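In the numbering used here, the protein residues as written are 537 to 983.
Report on the following structure.
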């Protein structure tokens with residue numbers, strides 16, 4: 537649930553990010569259970585998700601962010617935790633989620649790698665297509681695993697339905713499924729794991745077993761965007777033992793790094809930086825630099841992630857720390873609203889500026905008009921006061937700085953001020969002259 541977030545960096549200082557979930561409690565990445573010992577690592581593939589999650593956590597720790605990695609039973613449980621907002625991130629295998637789940641607020645950050653779907657069967661069974669598994673016992677992976685979800689989906693597409701025609705779909709772990717296949721307890725086994733897995737090598741070397749080649753792998757890839765049609769060439773696993781002995785066509789579901797809406801967008805570049813470091817070397821099915829990618833996504837691709845994958849990190853992400861780059865990127869979001877407000881202000885500025893300059897000039901014209909009206913009406917005005925006002929105005933105009941574009945109006949003001957001053961001086965002279973005549977008349981003796 538969104539709240540102000542405080543994270544603790546490596547030195548124990550705190551940093552605050554608004555709008556984040558509580559990072560130390562909520563920024564979790566799910567990976568299938570890590571192997572408990574060396575033997576288990578050879579027998580299970582789930583630890584690969586966990587190993588990548590641990591690598592991401594180490595990259596986050598360098599920037600003072602605590603990314604916790606949680607062990608799960610598989611992609612099915614990972615999806616459930618994401619859907620319930622229990623975690624913020626998870627690695628989910630393509631085919632784990634039904635197409636009807638597309639309306640959930642989940643986004644793919646990137647496709648990380650591919651692991652093919654293998655269908656091993658006993659050599660005494662003729663299995664050339666998935667529909668040939670009708671009436672047979674097939675191990676489809678343990679419950680909540682991506683293998684289980686994808687296997688059941690593809691089998692259903694081929695009309696293989698549990699409890700019809702004697703068909704049995706049995707939920708077993710990879711090792712248990714391999715043992716059951718060898719002992720004849722099941723007729724076929726579906727596994728999703730890399731071709732370099734020891735268990736795959738073991739099954740390929742077993743003379744009692746065969747692996748099905750997906751003749752229609754291109755059709756599966758066209759139908760499901762998270763599947764990639766791949767071909768395992770002769771001898772690519774082991775040249776000495778010539779494994780496989782002939783090309784095998786397979787479908788490989790993409791492992792997606794998926795985020796819920798609790799993940800703050802500021803973390804997306806950091807996630808992709810860690811993902812590129814882990815997956816850029818490619819493998820048997822992709823070349824160097826092809827992964828991580830925005831293709832083969834099980835959910836809509838996060839737009840920030842797509843931009844990063846298409847154009848690389850921003851200038852600031854390349855040259856400054858994560859925290860500074862994050863702050864700059866979030867500030868950039870405000871540029872458009874700011875420009876939306878700023879552009880009208882820029883357009884409004886010249887008229888306002890003109891009005892401001894002219895208002896100063898017009899203020900003085902108001903004073904001149906009042907003096908001129910007094911003179912024209914011949915009122916008993918205080919001419920000395922008008923003279924004092926004009927002297928003060930002249931002094932003030934001497935100290936005023938007016939832009940060159942307004943000098944014409946400024947000089948017009950000076951000319952008009954001088955005209956009014958002359959009128960005042962003339963009125964003063966007339967009044968003094970009239971006063972002298974009256975004085976002379978009063979002083980002349982009568983005859």
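We put the beta carbon where it would ideally sit given N, CA and C, even for glycine.
The structure presented is a predicted model; accordingly, all values stated were derived computationally and were not measured.
Query raised in the report: Taking residue 714 as the reference, which of 734, 703, 704, 661 has the closest Cα?
Result: The residue with the shortest Cα to Cα distance from residue 714 is 734.
Excluding five sequence neighbours on each side, which residues of the same chain lie with their C-beta closer than 6 Å to the C-beta of residue 590?
605
query: Quick check: the stretch 596-604 against the stretch 763-782, are there 3 or more CB pairs under 8 Å?
result: no
### Message
Give me the residue from 648, 642, 670, 953 with the minimum Cα distance to residue 906.
### Response
Among 648, 642, 670, 953, the Cα nearest to that of residue 906 is on 953.
Q | Residue closest to residue 620, alpha-carbon to alpha-carbon, out of 831, 796, 912 | A | 796
* Can you have a look at residue 644 and say buried or exposed, based on whether 16 or more other CB atoms are within 10 angstroms of its CB? => buried
Going by beta-carbon coordinates alone, are residue 747 and residue 773 separated by less than 8 Å? Against a cut-off of 8 Å, the Cβ pair of residue 773 and residue 747 comes out as no contact.
query: If you draw a straight line from the C-alpha of residue 918 to the C-alpha of residue 902, how long is it?
result: 18 Å
* Asked: Residue range of the beta strand (DSSP E) that residue 838 falls in?
  -> Here residue 838 belongs to no beta strand (DSSP E), and DSSP marks it neither H nor E.
For the stretch 845-912, list the beta strand (DSSP E) runs that are entirely contained and at least 3 residues long, ordered along the chain.
none
Straight-line gap, residue 925 to residue 883 (C-alpha atoms, nearest Å) = Each residue's alpha carbon lies about 38 Å from the other.
Alpha carbon of residue 717 to alpha carbon of residue 662, nearest angstrom | 15 Å
| message | In the DSSP output, which residue or residues are listed as bridge partners for residue 647? | response | Beta-bridge pairing by DSSP links residue 647 to 792, 829.
### Query
First and last residue of the alpha helix (DSSP H) that includes residue 922?
According to the DSSP assignment, residue 922 belongs to the alpha helix (DSSP H) that extends over 919-934.
query: Considering only residues of the same chain and omitting the five flanking positions on each side of residue 618, which have a CB-CB separation below 7 Å?
result: 626, 642, 794, 796
- Under the DSSP definition of a beta bridge, which residues are partnered with residue 718? DSSP output for residue 718 lists no bridge partner at all.
Which residue or residues does DSSP assign as beta-bridge partners of residue 601?
Looking at the DSSP assignment, residue 601 forms no beta bridge with any residue, so it has no partner.
Discussion item. Could you compute how far the alpha carbon of residue 630 sits from the alpha carbon of residue 757?
Written reply: 11 Å
With a CB to CB cut of under 8 Å and the five nearest residues on each side skipped, what residues in its chain are close to residue 842?
830
- Message: Check this for me: beta carbons of residue 659 and residue 744, under 8 Å apart or not?
- Response: yes
Problem - Spatial neighbours of residue 561 in its chain, beta-carbon cut-off 6 Å, leaving aside the 5 residues before and after - result: Here residue 561 scores only 33 on pLDDT, less than 50, and its place in the model should not be relied on; the value that follows carries that caveat. Hits under 6 Å: none found.
Check your understanding: In terms of residue numbering, what span does the beta strand (DSSP E) encompassing residue 656 cover?
Key -> Per DSSP, the unbroken beta strand (DSSP E) holding residue 656 starts and ends at 653-658.
Specify the secondary structure class of residue 748 as computed by DSSP and reduced to three states. In the three-state scheme derived from DSSP, where H, G and I count as helix and E and B as strand, residue 748 is classed as coil.
Taking DSSP's pairing of strands, which residues face residue 774 in a bridge? 779
Check your understanding: Taking C-beta to C-beta, are residue 815 and residue 649 nearer than 8 Å?
Key -> yes
Secondary structure of residue 728, DSSP reduced to three states | Shown here, residue 728 sits in a strand according to DSSP, grouped into three states.
TODO: Report buried or exposed for residue 928, applying the criterion of at least 16 other Cβ atoms within 10 angstroms of its Cβ.
DONE: If you draw a 10 Å sphere on the C-beta of residue 928, you find fewer than 16 other C-beta atoms in it, and that means exposed.
- residue 803 to residue 840, Cα distance in whole Å? 10 Å
Exercise for the section: Quick one: give me the first and last residue of the alpha helix (DSSP H) that residue 763 is part of. Expected result: It is not in any alpha helix (DSSP H) - residue 763 instead sits in the beta strand (DSSP E) that spans 763-768.
Starting from residue 802, trace the beta strand (DSSP E) both ways and give me its first and last residue. Premise fails: residue 802 is in no beta strand (DSSP E) and is neither H nor E.
Which same chain residues end up closer than 7 Å to residue 875 when comparing Cβ atoms and leaving out the 5 residues on each side of it in sequence? none
| query | What are the boundary residues of the alpha helix (DSSP H) that includes residue 674? | reply | That residue, residue 674, is in no alpha helix (DSSP H); its beta strand (DSSP E) goes 673-675.
Give the straight-line distance between the Cα atoms of residue 762 and residue 787, rounded to the nearest whole angstrom. Roughly 10 Å between the two C-alpha positions.
* Asked: Helix, strand or coil for residue 705 per DSSP?
  -> strand
Just reading off the alpha helix (DSSP H) that residue 611 is part of, what are its end residues? 611-619
| request: Might you give, ordered along the chain, the residues of its own chain that have their beta carbon closer than 6 Å to the beta carbon of residue 872, omitting 5 neighbours on each side? | output: none
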